[in-house]
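Its first residue numbered 450, the sequence shown is counted upward by one per residue in my numbering.
C-beta: ideal position from N, C-alpha, C; glycine also.
Written below as structure tokens is the structure these notes are about.
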Amino acid sequence: MNKVLKEKVVLITEAASGFGLECVQTFAKEGAKVIITDLDEEAAQITANQLQKQGFDVFALACDVTKEEQIEQSISHALKVFERIDILVNNGSLQRIADVESSFTDKYEC
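Laid out in structure tokens, this is it:
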């Protein structure tokens with residue numbers, strides 16, 4: 450079977466559950482090597498272990514996407530293992546920073 454993403458390296462944030470996990474499974478089934486990052490290191494590792502048992506090339510890293518140094522460490526580690534990242538899926542959580550009405554519109558003169 451010809452895998453569309455064979456040998457491509459994919460890094461997915463917040464990938465131990467929900468939409469991120471669906472992305473991991475889809476990319477892995479298409480032949481990609483997948484780096485699972487998640488704030489919950491244990492959940493990421495459990496997910497990676499389950500997929501490795503199915504023969505997929507995945508590994509897990511803990512990463513809080515709100516902390517720049519952790520993002521840099523995750524990318525650095527991924528590059529050491531696979532030498533490149535072909536696809537990045539930024540599935541990081543949304544956080545409310547400020548009301549759009551009082552912050553965004555004032556700042557950007559909308």
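Distance from the Cα of Gln503 is smallest, within the candidate group Lys478, Gly469, Glu517, Ile520, for Lys478. For Ile534, no alpha helix (DSSP H) segment is defined, and its DSSP state is neither H nor E. Asn539 and Glu471 have their C-alpha atoms roughly 13 Å apart.
CA-to-CA, the gap between Gln494 and Phe508 works out to about 7 Å. Looking at the DSSP output, Val507 sits in a beta bridge with Val483. For Leu460, no alpha helix (DSSP H) encloses it; the enclosing beta strand (DSSP E) starts and ends at 458-461. Between Ala511 and Leu460, the C-beta spacing is not below 8 Å.
The beta carbons of Ala465 and Ile484 sit no closer together than 8 Å. At least 8 Å separates the beta-carbon of Ile520 from that of Lys457.
For Ala493, the uninterrupted alpha helix (DSSP H) segment begins and ends at 490-502.
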